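Protein chains in written order, with my numbering: chain A, 1 to 159; chain B, 1001 to 1159.
Every residue, glycine too, gets a C-beta built ideally from N, C-alpha and C.
Computed from a predicted structure; not experimentally measured.
Please read the structure below before turning to the comments.
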DNA sequence: ATATGTGCAAAGAGTTTGCATAACT
DNA sequence: AGTTATGCAAACTCTTTGCACATAT
């Protein structure tokens, strides 16, 4: 049992509830997809697919795409482009927040930046009428890639 | 003659110089591609292609891809994913900086946020070993889309 | 002269879609 | 029962690649 499991379970139930409330059906595939997407951190569609196939080998990739896309339209998921050319999904925290994206391996993680509202305010001042949300993507190298890439020199400045 | 033309001309020369310095050749196609990419603001590959074709109808899309990709590898261009599923390029400012990306139409623009270093520092504190660059993408709605989308209510919070 | 770049068309990767079948409510 | 979801395969979009021909240096 890992820390966060209870939060995850609650979130799964919450999503299933929203699916029902919007007239959608709760199928085993959808449950498995939602579970898998929440269990791994900002997984790509392919990663969700692979995880689901362990339990339900008959699940199709198309269904994974359709389900995640539906959740995004319901406001229960956020899709993020990544440097690995794959769509990643965040089902745990659908409201706009900060992410870190690895330029090298495509990994994505949340960034609990407490000053996020201030950052958006400051950016809005020079945005000429653009209405910025609190979704901010910070690009860089994840801990693993940072070690492999440039132990000494900081060549990420041009990344 | 528009403001910024001199800056653009200088930047074009600078890039051509770097191409030569790295053993590359300066072809009419490359000049046209670089000019077009700098003249329009964070254009997609397709937009560069269309602009180039006005002057050089024989230029191929593959060459546009190859040229922009080469410039990115040389550190003279930055590619950005966008909500329109197309690669956009920034040739004017290759060093990491802040962008604003429109969730609706895919437009991209620079954001001259003076406190960018502070933002990255703060985000780094909660990034567990990730090495963040100064490339930050702010998501929102551009001025045009902001007007069309939600004059009254702010439904961008979930975007 | 020779290495490098271009254009075309084909191949790739990721994502979406149409439709017959299956299954939730 | 009747609507909704699934799975398969085909289609689509964006991007990359191979190779013969052209061209910058």
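Quiz item: According to DSSP, what are the bridge partners of residue 89 of chain A?
Solution: DSSP lists A/79 as the bridge partner or partners of residue 89 of chain A.
Quiz item: Would the region 90-107 of chain A and the region 55-65 of chain A be scored as touching if the rule is three or more Cβ pairs under 8 Å?
Solution: The region 90-107 of chain A vs the region 55-65 of chain A: no contact.
Quiz item: Exposed or buried, residue 58 of chain A, counting other C-beta atoms within 10 Å across all chains shown (16 or more means buried)?
Solution: Flag for residue 58 of chain A reads exposed.
Exercise. Could you name the residues of chain A that residue 1142 of chain B contacts, counting a contact when the two beta carbons are closer than 7 Å?
Key: By Cβ distance, chain A contributes 130.
Quiz item: When the distance is taken between beta carbons, is residue 1055 of chain B closer than 8 Å to residue 1032 of chain B?
Solution: Taking C-beta atoms as the reference points, residue 1032 of chain B and residue 1055 of chain B count as a pair closer than 8 Å.
Quiz item: Can you name the residues that DSSP bridges to residue 108 of chain A?
Solution: Partner(s): A/101.
Exercise. Answer with yes or no whether the minimum CB distance from residue 1032 of chain B to chain A is below 8 Å.
Key: Answer no: the Cβ-Cβ gap between residue 1032 of chain B and chain A never drops below 8 Å.
Self-check item: Proximal residues, the region 33-53 of chain A versus chain B, C-beta separation under 9 Å
Solution: Flagged: no residues at all.
Practice problem: Could you check which residue in B/1119, B/1028, B/1142, B/1047 has the C-alpha nearest to that of residue 136 of chain A? | Solution: The option with the nearest alpha carbon to residue 136 of chain A is B/1119.
Self-check item: Chain-ordered chain B contacts of residue 81 of chain A [CB-CB under 9 Å]
Solution: Under the 9 Å cutoff, chain B gives 1081, 1082, 1083, 1085.
Exercise. Give the residues from the region 98-118 of chain A that approach chain B closer than 7 Å (Cβ to any Cβ), ordered along the chain.
Key: Near chain B, meaning a CB-to-CB distance below 7 Å, the residues of the region 98-118 of chain A are 98, 100, 111, 112, 113, 115.
Quiz prompt | Proximity winner among B/1092, B/1069, B/1028, B/1027, relative to residue 1006 of chain B (alpha-carbon distances) | solution = Ranking B/1092, B/1069, B/1028, B/1027 by Cα distance to residue 1006 of chain B puts B/1092 first.
Quiz item: Interface residues of chain B around residue 5 of chain A at Cβ under 9 Å?
Solution: Within chain B, no residue comes near residue 5 of chain A; the closest Cβ sits about 20 Å away, beyond 9 Å.
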